[in-house]
Every structure is written in C-alpha cells, then in structure tokens.
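Chains as they are written, first to last, in the working numbering: chain A, 232 to 451; chain B, 232 to 451.
For glycine and all other residues, C-beta sits at the position ideal for the given N, C-alpha and C.
All of these numbers come straight from a predicted model, not from anything done at the bench.
Protein chains: 2
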Amino acid sequence: MRVTTTRNGVASERIASALRDSILRGEHPPGTRILQEDVASDFGASRLPVREAFRILEADGLITLVANTGAWVSRLSLAECEEIYQLRERIEPLLLGYSIPNLSEEQLNRLDELAATMQTLRDPEEFLRLDREFHLLSYAGASTAILGDTVRRLWNTTQHYRRAYTRLLDPDGNRIVHDEHHMLVAALRVRDADDAERVLYGHIRRTRLELARHPALFDA
Amino acid sequence: MRVTTTRNGVASERIASALRDSILRGEHPPGTRILQEDVASDFGASRLPVREAFRILEADGLITLVANTGAWVSRLSLAECEEIYQLRERIEPLLLGYSIPNLSEEQLNRLDELAATMQTLRDPEEFLRLDREFHLLSYAGASTAILGDTVRRLWNTTQHYRRAYTRLLDPDGNRIVHDEHHMLVAALRVRDADDAERVLYGHIRRTRLELARHPALFDA
DNA sequence: TCTGGGTAGATTGGATCCATTGATGACGAC
DNA sequence: GTCGTCATCAATGGATCCAATCTACCCAGA
Numbered sequence: 232m233r234v235t236t237t238r239n240g241v242a243s244e245r246i247a248s249a250l251r252d253s254i255l256r257g258e259h260p261p262g263t264r265i266l267q268e269d270v271a272s273d274f275g276a277s278r279l280p281v282r283e284a285f286r287i288l289e290a291d292g293l294i295t296l297v298a299n300t301g302a303w304v305s306r307l308s309l310a311e312c313e314e315i316y317q318l319r320e321r322i323e324p325l326l327l328g329y330s331i332p333n334l335s336e337e338q339l340n341r342l343d344e345l346a347a348t349m350q351t352l353r354d355p356e357e358f359l360r361l362d363r364e365f366h367l368l369s370y371a372g373a374s375t376a377i378l379g380d381t382v383r384r385l386w387n388t389t390q391h392y393r394r395a396y397t398r399l400l401d402p403d404g405n406r407i408v409h410d411e412h413h414m415l416v417a418a419l420r421v422r423d424a425d426d427a428e429r430v431l432y433g434h435i436r437r438t439r440l441e442l443a444r445h446p447a448l449f450d451a
Numbered sequence: 232m233r234v235t236t237t238r239n240g241v242a243s244e245r246i247a248s249a250l251r252d253s254i255l256r257g258e259h260p261p262g263t264r265i266l267q268e269d270v271a272s273d274f275g276a277s278r279l280p281v282r283e284a285f286r287i288l289e290a291d292g293l294i295t296l297v298a299n300t301g302a303w304v305s306r307l308s309l310a311e312c313e314e315i316y317q318l319r320e321r322i323e324p325l326l327l328g329y330s331i332p333n334l335s336e337e338q339l340n341r342l343d344e345l346a347a348t349m350q351t352l353r354d355p356e357e358f359l360r361l362d363r364e365f366h367l368l369s370y371a372g373a374s375t376a377i378l379g380d381t382v383r384r385l386w387n388t389t390q391h392y393r394r395a396y397t398r399l400l401d402p403d404g405n406r407i408v409h410d411e412h413h414m415l416v417a418a419l420r421v422r423d424a425d426d427a428e429r430v431l432y433g434h435i436r437r438t439r440l441e442l443a444r445h446p447a448l449f450d451a
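Structural data, given as structure tokens:
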C-alpha cells in the first residue's frame with residue numbers, strides 16, 4: 232500500500248534548485264554569507280540535505296565553501312568576469328552551431344517573440360529574464376551535455392554582474408543589443424551557421440568590452 | 232590555475248582527492264559502480280563524507296549520481312568525446328595565452344625535459360602521466376580560476392579514453408606528438424603566443440580526429 | 001518457456017546528536 | 001592606548017540510527 236509519499240524528488244536537489252533561483256534573482260548579493268541552519272529551517276529540512284545542496288551550488292560556481300567556516304555567494308573580480316566572457320565568446324558560438332540544425336519552427340518563433348518583447352521593456356529585471364531565456368533557448372537544439380552544462384555555469388556566475396550592468400543602462404540606449412538579437416534570429420531561420428556564430432561572437436565580445444568600462448560594478 | 236584552498240584536513244576533500252586519483256589511474260573503468268559503504272570502509276570514515284566526496288567528483292564530471300540508486304564512473308560516447316575535444320581546441324589556446332607571459336625559466340626547462348623524456352618511454356601509463364603533467368604545467372602561468380578549473384575538468388573526463396587510445400598506439404608511431412610538444416616549448420620560450428596557440432590547437436585537433444577513427448574505444 | 005507481480009534484501013537519503021573548528025570579545029601586559 | 005592572549009560561543013564537520021526506495025530474485029500463471 233502506497234502511502235502519501237508525495238515524491239517531490241530528492242531534497243538536496245530541490246533545495247539546490249530553489250537556492251539557485253533565489254541567488255540568480257539577486258536575493259543574495261555576492262559576498263553574502265549563507266548559513267546552513269537558516270536554509271534548513273526555511274525548507275523545513277535538516278542541515279544534511281542543505282550541505283549537499285551547497286556542494287551542488289559550489290559546482291555551479293554560485294557559492295564558495297570554506298571548511299569549518301561557511302558558505303558565501305561567489306564574487307567575481309573584473310579580471311575573472313572578462314575571463315568568463317572570453318570563454319563564452321569561444322564556446323557559445325560552438326554550442327550554437329550544434330543547436331542550429333535542430334531548432335524547430337516553434338522555437339524560432341518564440342525567439343522572434345522574445346527579441347521583440349525585450350525591445351519594449353522598461354524593467355531591467357524583466358529584460359534579464361527574457362535575455363537569459365532567449366540565449367538559452369537558442370541553444371536548445373544542441374543535444375550536448377558537457378558543453379551545455381559549461382555554458383549554463385558561466386551564465387550563472389555572471390548573472391549578478393549582468394544585472395548590475397543592465398540597471399546602469401538607459402533602456403533605449405542599448406539598441407545595438409536588440410539589433411543583434413534580430414540579426415541572430417534571422418541567421419538561425421535560414422540555418423546560416425557561419426553568420427549566426429559571427430553575430431553571437433560579436434554580441435558577447437561587445438558586452439565584455441562594455442562591462443570592462445564599468446569597473447565600479449566589481450568593487451565592494 | 233586552481234587556488235587549492237587546502238581543505239585537505241577535511242575528510243570529504245581527502246576522500247574526493249584520493250578517489251579522483253584512483254579513477255584517473257584507471258582503477259575504476261567507466262561504467263563501474265561505486266558503493267558509498269565500500270569507500271567509507273576503505274577510508275575508515277562514515278558514509279557522510281563519502282556522500283559529499285561523490286558530489287565533488289560529480290562536479291568534476293568523473294562520476295554520475297542517480298538518486299536512490301548509486302554512483303557510476305562516467306562513461307562517454309564518441310559524440311561526447313568529440314564535443315569535449317572541440318571545447319578543448321577553443322579554450323586551451325586561450326588559457327595558454329594567459330599563461331605564456333608568466334612561465335618561469337624553471338618551468339620552461341621542465342617542459343623541455345618532459346617532452347624529451349616522453350620520447351623515450353615505452354610504458355603507455357607513464358606517457359599518460361607525463362603528457363598530463365606537460366600540458367597542465369604549460370598552463371601553470373595562468374592565474375585564472377574559472378578557465379583553469381574548466382580545462383582540468385575536461386582533462387579528467389577524457390582521461391580514460393586517452394588511456395585506451397594510447398595503449399593502441401605503437402610507441403614510435405606517434406612521432407608527430409613529440410614534434411608538436413617540442414614546437415610548443417620552442418614557441419613558449421620566445422613568448423610567441425600566436426605560434427604557441429596555433430600549435431596547441433592543431434595538437435588537440437589532430438588527437439580528436441585520431442580518436443574518431445577508433446569508435447571501438449567507446450563501446451561498453 | 002516467457003512474462004508479470006510481489007516480496008526480501010541491499011543501498012541510498014534524511015534526522016539527530018556529538019566533536020571540532022574558527023570567530024569574537026574581554027582581559028591583562030607592555 | 002594598543003597589542004597579544006585566552007576563553008566562550010556559534011557554526012560547521014562527522015558518526016550513528018532510521019526511513020524510503022530501488023534492484024534482484026522467485027514463483028505463479030498463461
């Protein structure tokens with residue numbers, strides 16, 4: 232007889248997933264300490280699954296663990312952020328190449344829709360969310376596990392700095408971003424891998440150079 | 232490269248480190264199941280630090296965890312292996328570029344020595360060890376954490392397949408490999424980043440294409 | 001003989017308790 | 001007044017026990 236075991240999945244994964252979302256939403260800025268006990272009571276679990284969740288998030292690059300001391304939300308220096316963007320410049324076009332042949336008509340339409348919606352947004356937080364969905368969706372055709380995971384990790388670790396940067400911008404000021412998004416979708420539609428990869432490369436590179444012009448984002 | 236905040240006193244790190252070495256040495260071939268209880272008794276510890284060690288190794292890409300079921304040494308398909316090599320082609324030259332300006336005379340001498348020694352070896356296992364030391368040492372000048380960790384993870388996951396491939400080879404057959412190693416050190420000595428990165432790119436690319444010619448390596 | 005269900009055993013996931021480590025603040029010496 | 005030391009306390013690391021769940025095997029029935 233099966234009792235009401237609500238089969239919610241494994242607790243450590245559930246907690247890791249929820250914590251990841253809340254960090255990505257910016258509820259724990261870089262440098263913030265996170266206590267096992269607090270998280271455990273938040274989720275109504277013991278500290279044990281929380282400890283495993285911390286290991287998962289450490290692997291994601293989201294938090295940094297120090298033995299016998301605690302866990303902190305990871306903080307990047309400008310140099311590390313540039314490093315990540317240079318990585319992204321090189322591997323996201325590769326990932327996109329894997330994805331292009333398998334993108335469905337439905338996915339392409341959604342990409343169009345996202346690119347158009349982003350242009351009308353005033354709220355930086357909403358822009359961040361859609362921009363993330365846009366790019367990750369463009370990789371959805373790739374059946375690669377390692378490459379996809381690597382890219383996702385890089386997106387996670389830079390999320391907070393993209394947020395800080397986005398808040399600085401005049402909503403209309405980054406017209407180039409929207410143009411690039413539209414150019415990218417156009418290239419994807421005709422399955423022009425070379426063009427799509429070139430646009431994406433430039434898109435990331437430009438963002439990297441822009442970020443480097445605001446070193447203040449990385450203080451504190 | 233990796234900052235190695237010496238958490239060596241912590242059992243989970245010690246166990247993870249020892250297990251990682253033993254997997255890299257080939258003592259647990261891909262597909263092998265690893266039981267928490269066995270590892271725990273091997274190290275005279277309880278299962279708890281073993282569980283955390285498993286999480287660390289999962290992040291390294293060395294093992295795969297399935298909830299309520301167990302841990303297996305990761306197995307790659309040919310497609311995944313090619314994916315990893317394409318990644319390596321793109322990011323290891325970048326990492327090398329970071330490293331070149333900071334390589335010491337001593338490190339360059341050691342690289343020369345390694346390249347020469349490898350030429351004389353008959354034992355594939357020894358070759359693997361030195362080849363790993365050679366390449367990772369060539370990246371030692373890079374102070375990058377994220378990039379270095381990413382590369383190290385890729386090396387880990389492909390270690391077993393490099394081993395299987397190396398065993399196939401006639402020790403004299405891969406003269407090109409040795410030539411490339413010497414060319415690489417020569418370029419590093421004169422701090423010619425462009426040349427070094429090009430040689431390294433070709434080195435990895437050639438290996439990828441060679442691996443693809445032996446699909447049998449990836450069966451069961 | 002093959003398929004399906006059910007049960008028993010092995011193995012992992014989670015909770016609680018204890019040991020150990022690191023940080024903080026007070027006290028005393030120079 | 002400042003620096004160093006020590007004691008206290010909070011937070012993490014680890015051990016043991018219990019619960020949930022998956023696997024493997026056996027047996028009944030077609």
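- DSSP places Val-408/B in no beta strand (DSSP E) but in the uninterrupted alpha helix (DSSP H) bounded by 406–420.
- For Val-382/A, the enclosing alpha helix (DSSP H) has its first and last residue at 377–399.
- In the same chain as Glu-283/B, and ignoring 5 residues on each side of it, the C-beta atoms closer than 7 Å to its own belong to Ser-243, in chain order.
- Think of a sphere of 8 Å around the beta carbon of Thr-438/A: no beta carbon from chain B falls inside it, the nearest being about 17 Å out.
- DSSP, read as helix, strand or coil, puts Thr-295/A in strand.
- Excluding sequence positions up to five before and after Leu-339/A, its CB lies within less than 8 Å of the CB of Val-416, Leu-419, Arg-420, all in the same chain and listed in chain order.
- The Cβ of Ala-290/B sits closer than 8 Å to at least one Cβ of chain A.
- Under the 10 Å beta carbon count, Arg-422/B is surrounded by fewer than 16 other beta carbons and is classified as exposed.
- Here Ile-407/B is exposed, its C-beta having fewer than 16 other C-beta atoms within 10 Å.
- Residue range 278–290 is occupied by the alpha helix (DSSP H) that includes Ala-284/A.
- The beta-carbon of Ala-249/A is placed no less than 8 Å from the nearest beta-carbon of chain B.
- Apart from the 5 residues on each side of it in sequence, Arg-319/B sits with its Cβ closer than 6 Å to the Cβ of Leu-385, Ile-435 in its chain, given in chain order.
- Bridge pairing for Arg-264/B: Trp-303/B [DSSP].
- In this structure, the CA atom of Asn-387/A is about 33 Å from the CA atom of Arg-437/B.
- Along the region 298–317 of chain A, the positions whose C-beta sits under 9 Å from a C-beta of chain B are Ala-298, Asn-299, Leu-307, Ala-310, Glu-311, Glu-314, Ile-315, Gln-317, read in chain order.
- For Tyr-316/A, the three-state secondary structure derived from DSSP is helix.
- The C-beta of Arg-321/A comes closer than 8 Å to at least one C-beta of chain B.
- For the set Leu-342/A, Arg-251/A, Arg-393/A, Gly-328/A, the Cα lying nearest the Cα of Phe-449/A is the one of Arg-393/A.
- For Arg-251/B, the enclosing alpha helix (DSSP H) has its first and last residue at 242–255.
- When Cβ-Cβ separations below 8 Å define contact, Leu-266/B makes no contact with chain A.
- In this structure Gly-275/B is exposed. Its beta-carbon is surrounded by fewer than 16 other beta-carbon atoms within 10 angstroms.
- The beta-carbon of Val-241/A is placed less than 8 Å from the nearest beta-carbon of chain B.
- Taking a C-beta cut-off of 7 Å against chain A, the contacting residues of the region 350–381 of chain B are Thr-375, Ala-376, Ile-377, Leu-378, Thr-381, listed in chain order.
- Residues of chain B whose Cβ lies closer than 7 Å to the Cβ of Arg-286/A are, in chain order, Glu-283, Arg-286, Ile-287.
- Between Gln-317/B and Leu-431/A a beta carbon distance of about 16 Å is seen, past the 8 Å cut, so the two are scored as non-contacting.
- Taking 8 Å as the threshold, the shortest C-beta distance from Leu-325/A to chain B falls below it.
- If you ignore the 5 residues before and after Gly-372/A, its C-beta comes within less than 6 Å of the C-beta of Ser-330, Asn-333, Leu-334, all in its own chain and listed in chain order.
- In the structure shown, Glu-258/A falls within a coil segment according to DSSP collapsed to helix, strand and coil.
- In the DSSP assignment, Asn-340/B falls within the unbroken alpha helix (DSSP H) covering 336–351.
- For Gly-433/B, the secondary structure class from DSSP, reduced to helix, strand or coil, is helix.
- The shortest C-alpha to C-alpha distance from Arg-286/B to any of Ile-265/B, Ile-377/B, Asp-273/B is the one to Ile-265/B.
- The continuous alpha helix (DSSP H) containing Arg-363/A extends over residues 355–369.
- DSSP places Gly-275/A outside both helix and strand once states are collapsed to three, so it counts as coil.
- Around the beta carbon of Asn-299/A, fewer than 16 other beta carbons lie within 10 angstroms, which makes this residue exposed.
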